[in-house]
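Numbering-wise, the sequence shown is residues 33 to 97 according to our numbering.
Note that beta-carbon positions come from the ideal geometry of N, C-alpha and C, so glycine has one too.
The structure under discussion appears below in the form of C-alpha cells.
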Amino acid sequence: MKNVEKCPYCGNQEFVEGKQVGYAAISPADKTLTFKSQVLYHIICLNCGAVVKSYVKNPKKIVTK
Ligand SMILES: [Zn+2]
Numbered sequence: 033m034k035n036v037e038k039c040p041y042c043g044n045q046e047f048v049e050g051k052q053v054g055y056a057a058i059s060p061a062d063k064t065l066t067f068k069s070q071v072l073y074h075i076i077c078l079n080c081g082a083v084v085k086s087y088v089k090n091p092k093k094i095v096t097k
C-alpha cells in the first residue's frame, strides 16, 4: 500500500493511512501566505504505530507559483 511494503522498524506489513489537518497542514516554508497549504497524510504501522511515511497528495502545488 502506498509504496510501503513493510515497516522498517518491526517488519509488519499492515498499515493504516492517517490524515493530519489544521495546524499540521503543510505550506511553503518561505511563504507567509497559506493558500497552498495541504493536508499531510501518514502511513502508520498497525503493529508498532510508527509513522513509516508522511506525504502530501500534490507536492507540486507547494512549489508552483
Ligand atoms: Zn511497525
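Identify every residue that forms a DSSP beta bridge with residue i.
{"i": "G72", "result": "The sequence as given places Leu at residue 72; Gly does not occur at that position. For L72, which the question treats as bridged, DSSP gives the partners Q52."}
{"i": "C80", "result": "DSSP lists no partner for C80."}
Determine the contact status of residue i and residue j, defining contact as a CB-CB distance below 8 Å.
{"i": "L78", "j": "E46", "result": "yes"}
{"i": "L72", "j": "V95", "result": "no"}
{"i": "C39", "j": "V84", "result": "yes"}
{"i": "N90", "j": "Q70", "result": "yes"}
Span of the beta strand (DSSP E) holding residue i?
{"i": "K85", "result": "V83 to Y87"}
List the endpoints of the continuous alpha helix (DSSP H) containing residue i.
{"i": "K38", "result": "Taken as a continuous stretch (DSSP letters only), K38 belongs to no alpha helix (DSSP H), as it is neither H nor E."}
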